[in-house]
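Positions 169 to 255 (this note's numbering) are the ones given, in order, by the sequence shown. Virtual Cβ for every residue (Gly too), placed ideally from N, Cα, C.
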Amino acid sequence: MARLSEASSRLGRVLAMFPGRTQEILQLSLRDPAFRGLCEDLEDAQASLMRLATLPGPGERPEVAEYRTIIAELQEEVRVYVESECS
169 MARLSEASSR LGRVLAMFPG RTQEILQLSL RDPAFRGLCE DLEDAQASLM RLATLPGPGE
229 RPEVAEYRTI IAELQEEVRV YVESECS
């Protein structure tokens with residue numbers, strides 16, 4: 169149970185994106201290093217986007233659009249991975 173709690177705290181943003189798949193995501197992250205890495209990449213991209221979006225300056229930074237694209241692609245990868253492994 170402690171491992172699930174630890175995994176849950178590391179995957180907060182990913183779990184929030186897929187609220188109906190919490191258990192599947194947690195289980196996959198514990199047993200599948202490739203999936204865990206994918207989730208970590210998504211978490212990192214989300215954190216970077218949040219930092220970029222709060223930087224002062226006029227207008228939106230070009231990197232913000234890039235990170236939004238990266239995040240959308242990673243979300244789709246996670247969705248496909250979960251569906252293929254848990255369906």
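Item, Value
"Whole-angstrom distance between residue 250 and residue 192, CA atom to CA atom", "7 Å"
"DSSP state of residue 179 mapped onto helix, strand, coil", "coil"
"DSSP three-state assignment for residue 222, whether helix, strand or coil", "coil"
"Alpha-carbon to alpha-carbon, residue 201 and residue 185", "20 Å"
"For residue 204, the three-state DSSP class (helix, strand or coil)", "helix"
"Short Cβ contact (8 Å threshold) for residue 328 with residue 206", "In the structure as shown, the chain begins at 169 and stops at 255. Residue 328 is therefore absent and cannot be evaluated."
"Proximity to residue 252 [Cα-Cα], best of 183, 225, 196, 212", "196"
"Inter-residue spacing [alpha-carbon to alpha-carbon] between residue 194 and residue 255", "15 Å"
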